[in-house]
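>
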Amino acid sequence: MSNTIGTLSNQSQYKYPFLFLGIYLTFLLATVCLAGKLALIGNLLVPGGIFVFGFTFSICEIVGEVYGYSYPRLFIWTGVLAEIIFALVVTGISHLSSPEYFKHQEAYWLVFDPTLRYVVSSLVGLMVGEFVNVYLLAKWKIAWRGKFFIGRSLVSAGLGQATLTIIVDILNYYGKISSSNLVWMMISGYLWKMCGALILVFPAWLLVKYLKKVEEVDHYDINTNFNPFIFRLDEKQISLPNKQFSFSSTK
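For the sequence shown, the working numbering gives the first residue as 8, with consecutive numbering after it.
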C-alpha cells in the first residue's frame with residue numbers, strides 16, 4: 008500500500024468520504040432529537056441519544072485513520088453547522104400558529120423546545136470530545152506506525168467520550184435533575200458509550216482495512232496542522248519512502 012498522503016486532486020478521487028459525512032450527520036441529528044428522552048436500562052439511566060451518538064465517534068475514527076485528520080475535522084465543523092441550522096428550523100417552525108383542530112401542538116413543543124438549549128449546551132462538549140478523539144488517534148498512529156488501531160481507537164474514544172460526557176451532561180441537565188441523578192447519569196452514560204465503542208471498534212477495524220485497500224490511501228499526519236479552527240481539507244503532500252519508514256497497515 009502506498010504511504011503517500013494525497014494532494015487535493017487525489018482527494019477528489021476518493022469514493023467514500025462524503026458518504027460517511029452523510030451518515031455522520033444523520034446520527035448526529037438523531038442524537039439531538041432523542042436527547043430529551045431518558046431511558047432506564049436495568050439500573051442505568053441514560054439519555055436516548057446515547058444509543059446512536061457513538062456512531063459519530065466511530066465514523067470520525069474511520070475517516071481519520073484512512074484519509075487523515077483533516078477529514079474528521081471537516082466533519083465535526085459541518086456537524087456543528089448542521090446542528091445549529093436544525094435547532095433553529097425545528098424550534099421556529101414548531102412555534103408557528105396551528106389551526107384549532109390540530110391537537111398535537113403541545114407534543115411538538117415538548118419534543119422540540121429543548122432542542123436549541125441542547126445544541127447550544129452540547130456544542131462545546133461535542134467539539135472538545137470529538138477533537139480529543141481524532142487528535143489522539145492520529146498522533147498515536149504515527150507513534151505506533153499504524154499498528155494497534157483497536158487499542159488506539161478504544162483509548163482515544165474513552166478519553167474523548169469522558170470529556171464530552173462531563174461537559175454536555177452538566178450544561179444540559181444541571182438544575183433539571185438532582186445532583187445524584189446527574190452524576191449517576193454521567194457514569195451510566197459513559198459506561199454505555201464505552202460498551203458501544205467496544206462493539207463498534209471491530210467492524211470499524213475491518214472497514215478501515217477495506218477502505219485503505221480500495222481507496223489506495225493510508226494517511227499519516229506527519230506535518231499536519233492540528234489547529235481545530237481550520238475549515239478545509241489538508242492540501243499538503245508528503246511521501247514516506249518505504250526504505251526510510253516501514254509503516255505497516257492497520258493491525
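Backbone N, C-alpha and C fix where the C-beta goes; we use that ideal spot for every residue, glycine too. Computed from a prediction, not measured in an experiment: that's the story for all the values here.
Look up Leu26 in the DSSP assignment and say whether it is helix, strand or coil.
Position 19 of the sequence shown holds residue 26. In this structure, Leu26 counts as helix in the three-state DSSP scheme.
> Would Val73 and Val175 be called neighbours here (beta carbons separated by less than 8 angstroms)?
Start at 1 with the first residue of the sequence shown, and residue 73 comes out as number 66. Start at 1 with the first residue of the sequence shown, and residue 175 comes out as number 168. Result no, Cβ atoms of Val73 and Val175 do not sit closer than 8 angstroms.
> Measure the alpha-carbon distance for Leu130 versus Glu90 and round it to whole angstroms.
Within the sequence shown, the letter at position 123 stands for residue 130. Within the sequence shown, the letter at position 83 stands for residue 90. Computed Cα separation, rounded: 9 angstroms.
> DSSP three-state label for Leu166, please.
On the sequence shown, position 159 is the one that residue 166 refers to. Leu166: helix per DSSP, three-state reduction.
> Considering only the alpha carbon of each residue, which of Asn230, Val96, Val127 and Asn140 lies closest to Gly158?
The residue given as residue 158 occupies position 151 in the sequence shown. When each option's Cα is compared against that of Gly158, the closest is Asn140.
> For the alpha helix (DSSP H) containing Leu103, name the first residue and the last one.
In the sequence shown, the residue the question calls residue 103 occupies position 96. Segment: none, Leu103 is in no alpha helix (DSSP H) and carries neither H nor E.
> So, Phe119 versus Val97, is the Cβ gap smaller than 8 angstroms?
As a first step, residue 119 is located in the sequence shown; it is residue number 112 there, counting from the start. As a first step, residue 97 is located in the sequence shown; it is residue number 90 there, counting from the start. The answer is yes: Cβ separation under 8 angstroms.
> Roughly how many whole angstroms lie between the Cα atoms of Gln20 and Val221?
Taking the sequence shown and counting its residues from 1, the one referred to as residue 20 is at position 13. Taking the sequence shown and counting its residues from 1, the one referred to as residue 221 is at position 214. If you take the alpha carbons of Gln20 and Val221, they lie about 12 angstroms apart.
> What does the alpha-carbon distance come out to for the pair Leu178 and Ser128?
The residue labelled residue 178 in the question sits at position 171 within the sequence shown. The residue labelled residue 128 in the question sits at position 121 within the sequence shown. C-alpha separation (whole angstroms): 5 angstroms.
> Using the three-state DSSP reduction, which class does Leu240 fall into: helix, strand or coil?
Stepping through the sequence shown from its first residue, residue 240 is reached at position 233. DSSP places Leu240 in coil when its eight states are reduced to three.
> Tell me the DSSP secondary structure of Pro54 in three-state form.
As a working note, residue 54 is residue 47 in the sequence shown. Strand, per DSSP.
> State the CB to CB distance for the pair Ile69 and Val208, rounded to an integer number of angstroms; the pair is presumed to be in contact (CB under 8 angstroms).
Within the sequence shown, the letter at position 62 stands for residue 69. Within the sequence shown, the letter at position 201 stands for residue 208. With a Cβ gap of about 10 angstroms, Ile69 and Val208 do not count as contacting.
> State yes or no: is the C-beta of Phe82 within less than 8 angstroms of the C-beta of Leu28?
For this step, residue 82 is matched to residue 75 along the sequence shown. For this step, residue 28 is matched to residue 21 along the sequence shown. Yes, the pair counts as a contact, with Cβ atoms nearer than the cut-off.
> Have a look at Lys146, Leu103, Ala37 and Trp84 and flag the residue whose alpha-carbon is nearest the alpha-carbon of His226.
By 1-based counting over the sequence shown, the position of residue 226 is 219. When only C-alpha atoms are compared, the closest one is Lys146.
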